[in-house]
Structure formats: C-alpha cells, structure tokens
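Inspection log for the structure reproduced underneath, given as structure tokens.
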Ligand code: ADP
Ligand code: GLC
C-alpha cells in the first residue's frame with residue numbers, strides 16, 4: 324500500500340501547531356503497519372534546506388506564477404521517511420511563517436502557493452511526475468493541501484483514492500472568487516457544489532467536497548463539525564458527506580514526548596520514579612521566579628493564544644487562583660491583547676504568575692514536565708495534543724469537555740475515582756465560573772496525596788501511541804482502494 328501524505332508543516336522543521344506534530348509521527352507509524360509512505364511538502368526554506376539526499380525527480384516548469392518548479396525527492400532528517408519537496412523559490416523561499424509575512428498578514432499569493440502544493444499532489448497521484456512510485460492513496464491535510472483533492476477530481480486520470488483530514492475548520496483557505504481563473508480548473512468547479520463559498524473560493528471546501536473520504540482528528544470533533552455550533556459555516560457540506568466522515572484520534576510521538584528520556588527536563592522520571600517529577604517542578608518554579616513551594620498547585624499552559632483556546636477564561640479565573648497559593652505558568656504567542664493581559668498579570672503577581680511570550684519547543688517540555696496540571700480550556704478542539712503530553716508526563720489535564728479533549732480525559736468524579744477511571748478534570752460551560760469550579764476541584768484533590776498520585780499514574784498508563792491511529796488509517800485506506808488493489 325503506497326500512501327502519499329501532503330501537508331504544509333512537519334515537526335521539527337516547520338511547525339505552527341499540532342498539524343506539524345501529526346505529520347512528524349503518523350508517516351513513521353504507518354510504515355510500522357507495513358505501508359510504503361512518502362511525504363509531499365512545499366519547499367519552504369526550513370524544509371528545502373533540511374531534507375537529505377535530494378535528487379531531482381522532474382522539472383515541472385512555470386506554474387502558478389513561479390518561473391521554475393522542480394520536484395525533488397529526498398529523506399526526512401530524524402525519520403528517514405522519503406519526502407518529495409516542491410522546489411519553487413519564487414513562491415516558497417521566504418523567511419517567516421508558512422502562511423504569513425513578518426507583519427502577520429497572509430502572504431498575498433497564498434492561493435498560488437497552496438494551489439501549487441495541491442496540483443503537484445494530484446499529478447503525483449496520477450503517476451504523471453514520478454513513474455517510479457505510484458500512490459494508492461493521496462492523503463491531504465487541512466486547507467493547505469485541500470486543492471489536491473479538487474485537482475485529482477478535475478483532471479488527471481488517476482487510480483489513487485483520496486483522503487482529506489481536517490485538523491482545524493477555523494482556518495479555511497478563503498480567496499476572492501475573481502482569482503478562480505488562476506487555478507486553471509474547468510468552470511464547473513466555481514459552483515456552490517464545488518469550491519465556491521459565499522462568493523469566495525475555499526480550499527478547505529475543495530478537500531471536503533472532493534476527497535473520497537473525510538476524516539478529522541477525534542471522534543467527537545467528527546460529530547461536532549457537522550453542527551452549526553462548531554461547523555464554521557461548513558457544517559452543511561460536512562453533513563452532506565454523511566458516512567464518508569469519521570474521526571481518528573491523534574497519538575503521541577513517544578520518541579519526542581517521554582519523561583524518562585526527555586533531555587529538556589531538570590530530572591528524568593517515569594511512573595516508577597514519580598517523586599523525581601517534583602525536581603522538575605522546583606526547577607521550573609525557580610527558572611520562572613515563582614515561589615518555590617512544592618505545596619502550591621502549579622497550573623501550566625502551552626498554547627497558541629487565540630480565541631479557540633479559551634485562555635480569556637483563564638484570565639477571568641485568575642483572581643480566584645490568586646486568592647490561594649496556586650500558580651500559573653504560561654508559554655504562548657498570538658493575540659496581542661491576550662499576550663499583554665498575561666504579561667501584566669505576571670508583572671503584578673510575580674510569585675504566582677509567570678508568562679513567557681514566544682515559541683520555544685524545549686521550554687514547552689520543561690513547562691509540561693514541571694507543572695502539576697496542564698490547562699486546556701478550549702472553546703473547540705479538534706484533538707488537542709498538550710493534554711496528551713500532560714497525561715504522559717503525569718501532569719494532570721484540566722480541559723473543557725469538547726472535541727478531542729472530551730475523548731481523551733476522564734473527569735475525576737467520585738465515581739470515576741472510586742472505579743479507577745479518572746485521568747483529569749473536565750468542565751462544560753465556556754464560562755469563568757465553570758473553569759474556576761474545575762480548578763477548585765483540582766486544588767481540593769491535590770491536597771490528598773494518594774488519590775492525586777493515582778490520578779497521575781493512571782494518566783501515565785494511558786496508551787495514546789500512534790500505532791493505534793495508524794491501524795485505523797490503514798483500515799480506512801483498505802476500505803477505499805479499488806477492489807483489485809485492496
Ligand atoms: P493547535 O494545533 O491547535 O495549536 P495542539 O494541542 O494540537 O493545538 O498542538 C499544539 C502544539 O504546539 C503542541 O506540540 C504544543 O506543545 C505546541 N505549542 C503551542 N504553543 C507553543 C509555544 N508557545 N511554544 C512551544 N510549543 C508550543
Ligand atoms: C489542529 C487542532 C488541534 C489538533 C491539531 C493536530 O491544529 O487545533 O486540536 O490537535 O490540529 O491534529
């Protein structure tokens with residue numbers, strides 16, 4: 324089974340969120356299940372300069388405004404997974420974010436940049452670019468790769484099946500409808516039944532409409548995204564796909580996130596030496612200038628600061644937290660107003676609140692290893708990875724009961740504690756009061772050493788490895804292959 328994964332991000336080379344973590348781990352896990360997997364990535368500098376042993380597969384020539392487009396094949400550093408790189412310096416060789424310029428504005432030619440990625444995905448799937456490797460499945464991730472599904476449907480006579488995975492419906496890849504001719508697609512694609520979305524073009528809709536199957540990254544989000552509340556205007560399109568939509572929960576890359584091997588931590592620990600985690604907490608408190616008090620419940624946050632993540636609720640709950648001796652350590656970047664509010668809180672209460680604005684992979688490990696609780700109060704959350712990292716690190720998750728958070732954390736009710744099921748704390752309403760209630764429950768249980776330790780250990784014993792997810796994807800691929808290939 325040959326599977327081509329098309330995506331814009333991959334850990335550790337290019338990462339703006341969990342999408343990169345998924346692409347950094349899932350291909351390897353699929354290889355573990357016997358699949359022959361290759362990646363297709365845009366030639367952003369951090370990718371084009373890092374992929375090893377690159378050889379030219381073909382010159383594609385001028386396309387989407389790029390004078391020169393070359394397809395190269397090499398190998399991912401760190402994992403050996405083969406990776407095709409779309410080398411198009413005019414579109415991709417730029418410093419900064421894959422999606423935005425230095426001022427935070429979307430790159431003006433994102434339509435061309437991600438249409439190219441999709442075009443190459445479709446033509447690779449059709450066997451037109453690399454005669455040596457013909458995929459059975461083209462698997463595209465998020466709007467950045469969504470056009471691969473439309474180009475496959477439009478032109479190349481392809482045998483490959485297609486899968487589109489939604490990682491986040493909030494980002495849809497919308498462009499002016501007047502730019503449609505730039506795509507080179509037949510006019511029937513500019514219709515409400517195709518790419519058209521309220522007088523715009525939607526690359527997310529291209530994936531949702533034209534992929535053979537649609538998946539998302541948790542079973543609960545698969546149901547939620549078909550509702551008006553969570554569908555970001557695309558719930559009708561998703562409902563229209565009926566039984567073609569399913570959820571496969573993400574996993575944790577145990578090579579990257581393992582407290583027993585994690586060199587970022589002040590002390591390595593495991594379930595068998597759980598007391599060593601307190602060294603990580605003390606080191607984190609010292610590093611951040613928080614009171615080095617082992618009895619203070621330390622809440623941690625590692626997050627993009629966007630409205631999705633519900634961190635305004637944490638700000639609103641801060642006065643309640645500050646009335647006791649609890650602490651908050653936050654690492655994040657994003658919305659300037661949220662950044663400023665958290666920085667101000669840290670300045671006003673340096674012994675209890677510490678904030679690091681910015682993106683720092685190594686510090687994220689220290690924060691998750693050192694905190695007692697990882698807070699994820701999201702308004703919506705397709706899967707969420709930091710609560711899974713928390714579980715693995717004995718850092719108890721406290722989450723809003725939505726999306727993948729609902730699928731991965733079992734609330735510490737009396738019943739769940741008594742029956743050995745609880746792994747964290749959940750709350751329902753997206754209100755400061757509901758969050759405060761859950762934080763208070765955590766503070767109460769934290770004072771009882773034994774049940775708290777049981778909670779930590781049960782979390783650490785959960786199996787969120789990628790092999791389970793990879794098996795589910797393999798079953799899905801097998802189900803959609805043309806009969807003679809299955
Ligand atoms: P999302 O993809 O919506 O941002 P996830 O929980 O799926 O949410 O994934 C977020 C990933 O990004 C995790 O690996 C998390 O550790 C990481 N991350 C988020 N913000 C930061 C930050 N400021 N510094 C370091 N890592 C971060
Ligand atoms: C998205 C979602 C997040 C998910 C990640 C990886 O960024 O916001 O919930 O974990 O993709 O699938």
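In the numbering used here, the protein residues as written are 324 to 809. Idealized CB from N, CA, C, for every residue including glycine.
In chain order, the residues with a C-beta atom nearer than 7 Å to some heavy atom of ligand 2 are 340, 341, 342, 344, 345, 490, 491, 540, 573, 631, 704, 705, 706, 707, 708, 726 and 727.
The distance from the Cβ of residue 706 to that of residue 573 is about 4 Å, consistent with a contact at the 8 Å cut-off. Contact fails between the stretch 745 to 756 and the stretch 656 to 672, because fewer than three Cβ pairs, one in each stretch, are under 8 Å apart. Taking the Cβ of residue 795 as the reference point, every heavy atom of ligand 1 lies at 8 Å or farther away. The secondary-structure analysis by DSSP pairs residue 749 across a beta bridge with 722. In the DSSP assignment, residue 672 falls outside any alpha helix (DSSP H), carrying neither H nor E. Between the stretch 581 to 588 and the stretch 684 to 699 there are three or more inter-stretch CB-CB distances shorter than 8 Å, so the stretches are counted as touching. Residue 735 has its alpha-carbon roughly 8 Å from the corresponding atom of residue 744. Taking the Cα of residue 545 as reference, the smallest distance to any Cα among 662, 747, 600 and 562 is reached at 562. Under the DSSP assignment, residue 382 falls in the beta strand (DSSP E) whose first and last residues are 375 to 382. DSSP places residue 461 inside the beta strand (DSSP E), whose first and last residues are 460 to 464. Set against 8 Å, the gap from the CB of residue 684 to the closest heavy atom of ligand 1 is smaller. The C-beta distance from residue 366 to residue 325 rounds to 22 Å, too long to meet the 8 Å contact threshold. The three-state secondary structure of residue 451, taken from DSSP, is coil. In the same chain as residue 717, and ignoring 5 residues on each side of it, the C-beta atoms closer than 8 Å to its own belong to 582, 592, 594, 597, 600, 779, 780, 782 and 783, in chain order. If the five residues before and after residue 420 are omitted, its C-beta is found closer than 7 Å to the C-beta atoms of 339, all from its own chain and listed in chain order. Counted as a single uninterrupted DSSP element, the stretch harbouring residue 767 is not any beta strand (DSSP E) but the alpha helix (DSSP H) occupying residues 755 to 769. CA-CA distance, residue 540 to residue 328, rounds to 15 Å.
The beta carbon of residue 481 lies closer than 7 Å to those of 448, 449 and 475 in the same chain, with the five residues before and after it left out. Contact between the stretch 611 to 629 and the stretch 686 to 703 is present: 3 or more CB-CB pairs across the two stretches fall below 8 Å. The C-beta distance from residue 430 to residue 436 rounds to 6 Å, short enough to meet the 8 Å contact threshold.
Out of 678, 726, 507 and 715, the CA that lies nearest to the CA of residue 701 is found in 726.
Burial check for residue 361: the Cβ neighbour count within 10 Å reaches 16 or more, so the residue is buried.
A distance below 6 Å between beta-carbons, with the five flanking residues on each side excluded, links residue 564 to the following residues of its chain, in chain order: 537. Per DSSP, the beta bridge partners of residue 520 are 523.
DSSP places residue 610 in the helix class (H, G or I) of the three-state scheme. Look at residue 498 here: in three-state DSSP terms it is strand. Under the three-pair Cβ rule at 8 Å, the stretch 456 to 476 counts as touching the stretch 525 to 537. Relative to the Cα of residue 804, the nearest Cα in the group 534, 605 and 774 belongs to 534. Measuring C-alpha to C-alpha distances from residue 602 to each of 520, 568, 514 and 689 identifies 689 as the nearest. Between residue 343 and residue 336, the C-beta gap is smaller than 9 Å, which places the two residues in contact. In the three-state reduction of the DSSP assignment, residue 389 falls in the strand class. In this structure, residue 467 sits near residue 330, with a CB-CB distance shorter than 9 Å. Spanning the alpha carbons of residue 554 and residue 376 requires a straight line of approximately 42 Å.
Distance from the C-beta of residue 627 to the nearest heavy atom of ligand 1 is below 8 Å. According to the DSSP secondary-structure assignment, residue 661 is paired through a beta bridge with no residue.
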